[in-house]
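Visitor:
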Amino acid sequence: MFSLRPATDKDVPRNLEIWRSAVLATHDFLSEEDFREISVLVETSYLPTAPLVVAVDDEDVPHGFIGTTDNNVDALFVHAESRGMGVGRLLLESFFADRDLVTVDVNEQNCSGRMFYKKMGFQVTGRSDIDDAGRPYPLLHMRWRRPSRFSPA
Numbered sequence: 068m069f070s071l072r073p074a075t076d077k078d079v080p081r082n083l084e085i086w087r088s089a090v091l092a093t094h095d096f097l098s099e100e101d102f103r104e105i106s107v108l109v110e111t112s113y114l115p116t117a118p119l120v121v122a123v124d125d126e127d128v129p130h131g132f133i134g135t136t137d138n139n140v141d142a143l144f145v146h147a148e149s150r151g152m153g154v155g156r157l158l159l160e161s162f163f164a165d166r167d168l169v170t171v172d173v174n175e176q177n178c179s180g181r182m183f184y185k186k187m188g189f190q191v192t193g194r195s196d197i198d199d200a201g202r203p204y205p206l207l208h209m210r211w212r213r214p215s216r217f218s219p220a
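Using the working numbering, read the sequence shown as starting at 68 and increasing by one per residue.
1. Tell me the residue span of the alpha helix (DSSP H) that contains Thr116.
2. Tell me the rounded alpha-carbon separation between Val191 and Asn138.
3. Let's see if you can read the secondary structure: which residues bound the alpha helix (DSSP H) around Pro80?
4. Please look up how many angstroms separate the CB atoms of Pro129 and Ile85, rounded, as I've assumed it's under 8 Å.
5. Under the assumption that Val140 contacts Val169 (Cβ atoms under 8 Å), give the Cβ distance between them as a whole number of angstroms.
6. Along the beta strand (DSSP E) that carries Arg194, what are the first and last residues, could you check?
7. Starting from the Cα of Val123, find the closest Cα among His208, Thr75, Phe96 and Asn177 and give me that residue.
8. Nearest CA to the CA of Pro115: which residue from Pro73, Leu97 and Phe189?
9. Return the chain-ordered ranges of every alpha helix (DSSP H) run that is complete within the segment 136-205 and spans a minimum of 4 residues.
10. Buried or exposed: Met182, going by 16 or more other Cβ atoms within 10 Å of its Cβ?
11. Can you give me the C-alpha to C-alpha distance between Arg202 and Gly131, rounded to a whole angstrom?
12. Quick one: residues in its chain with C-beta nearer than 8 Å to the C-beta of Ser88, no 5 flanking neighbours on either side, listed in chain order?
13. Tell me, to the nearest whole angstrom, how far the beta carbon of Phe163 is from that of Thr135; I am working on the premise that it is less than 8 Å.
14. For Asn99, which residues from the same chain have a beta carbon less than 7 Å from its beta carbon, with the 5 sequence-adjacent residues on both sides left out?
15. Determine the direct distance from the alpha carbon of Glu126 to that of Cys178, and round the result to whole angstroms.
16. By a C-beta neighbour count over all protein chains shown, 10 Å radius and 16 as the cutoff for buried, is Met68 buried or exposed?
Structure representation (C-alpha cells):
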C-alpha cells in the first residue's frame with residue numbers, strides 16, 4: 068500500500084534513482100550522451116528545486132514521484148521495480164482530484180508511457196518533432212478531461 072506526501076530534500080537521492088531506473092526501463096531511444104546530460108540536469112536543477120509529490124511505502128521509501136505546474140504534469144516517474152503496482156495511477160489520480168483538465172507531454176518513442184496515459188484517459192492533441200530542449204525526440208501533447216457528470220437527455 069502506498070501513500071502520498073510532499074517530497075523533501077532527503078528524497079533527492081532516491082528520486083534520482085527512481086528517475087534513472089524509470090528512464091532506463093522506458094527510454095531506450097535516448098543516446099548515452101543525452102541520458103548523461105539530462106541526468107545531470109535532473110540531479111542538480113530539477114529534483115532539488117521542483118515541488119514534487121512522492122508515493123511512499125509503509126517504511127516511507129519513495130517508489131515514484133510527480134511534478135506538476137498548474138494543470139500540467141511536468142514529470143511522472145515510477146521506479147522500474149515498482150512498475151505495475153499502481154504507483155503511477157495513484158500519483159496521477161491524486162492530481163486529477165480537483166481538476167477538470169490536465170495536460171502532459173510524453174515522448175512519442177516511450178511506448179509504455181503513451182499507453183499509460185491513454186489508459187488513464189488522455190487523448191493526443193498534437194505533436195512536436197523535437198523535445199523541449201531541441202533534441203530529436205518527438206513529443207506527443209496529450210489532454211485529459213474530467214468526464215461529464217451528467218449525460219445528455
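Glycine residues also receive a C-beta, built at the ideal position from the N, C-alpha and C atoms.
Guide: Short version:
1. By one-based count along the sequence shown, residue 116 stands at place 49. For Thr116, there is no enclosing alpha helix (DSSP H), as DSSP gives it neither H nor E.
2. Start at 1 with the first residue of the sequence shown, and residue 191 comes out as number 124. Start at 1 with the first residue of the sequence shown, and residue 138 comes out as number 71. Val191 and Asn138 have their C-alpha atoms spaced approximately 16 Å apart.
3. The residue you call residue 80 lines up with position 13 of the sequence shown. Element bounds for Pro80: Val79 to Thr93.
4. Numbered from its first residue, the sequence shown carries residue 129 at position 62. Numbered from its first residue, the sequence shown carries residue 85 at position 18. The C-beta separation of Pro129 from Ile85 comes to about 6 Å, placing the pair in contact by the 8 Å criterion.
5. Looking up residue 140 in the sequence shown gives position 73. Looking up residue 169 in the sequence shown gives position 102. Distance from Val140 to Val169 at the Cβ level is roughly 6 Å; contact confirmed, criterion being Cβ atoms closer than 8 Å.
6. Walking along the sequence shown from the start, residue 194 turns up at place 127. Gln190 to Ser195 is the extent of the beta strand (DSSP E) around Arg194.
7. Along the sequence shown, read from residue 1 onward, the residue named residue 123 stands at position 56. Proximity to Val123 across His208, Thr75, Phe96 and Asn177 peaks at Thr75, based on C-alpha coordinates.
8. By one-based count along the sequence shown, residue 115 stands at place 48. The residue from Pro73, Leu97 and Phe189 with its alpha-carbon nearest to that of Pro115 is Pro73.
9. Correct list: 154-163 and 178-186.
10. Reading the sequence shown from its first residue, position 115 is the one you call residue 182. So Met182 counts as exposed.
11. Reading the sequence shown from its first residue, position 135 is the one you call residue 202. Reading the sequence shown from its first residue, position 64 is the one you call residue 131. Looking at the two C-alpha atoms, the distance is approximately 25 Å.
12. Taking the sequence shown and counting its residues from 1, the one referred to as residue 88 is at position 21. The residues are His146, Ala147 and Glu148.
13. Start at 1 with the first residue of the sequence shown, and residue 163 comes out as number 96. Start at 1 with the first residue of the sequence shown, and residue 135 comes out as number 68. Wrong, their Cβ atoms sit about 11 Å apart, outside the cutoff.
14. Translated into the one-based positions of the sequence shown, residue 99 becomes position 32. Here residue 99 is Glu; the residue named in the question, Asn, does not match the sequence. Result list for Glu99: empty, nothing under 7 Å.
15. Position 111 of the sequence shown, counted from the first residue, corresponds to residue 178. Position 59 of the sequence shown, counted from the first residue, corresponds to residue 126. Distance from the CA of Cys178 to the CA of Glu126, rounded to the nearest whole angstrom, comes to 31 Å.
16. As a first step, residue 68 is located in the sequence shown; it is residue number 1 there, counting from the start. Classification of Met68: exposed, given that the 10 Å Cβ count is below 16.
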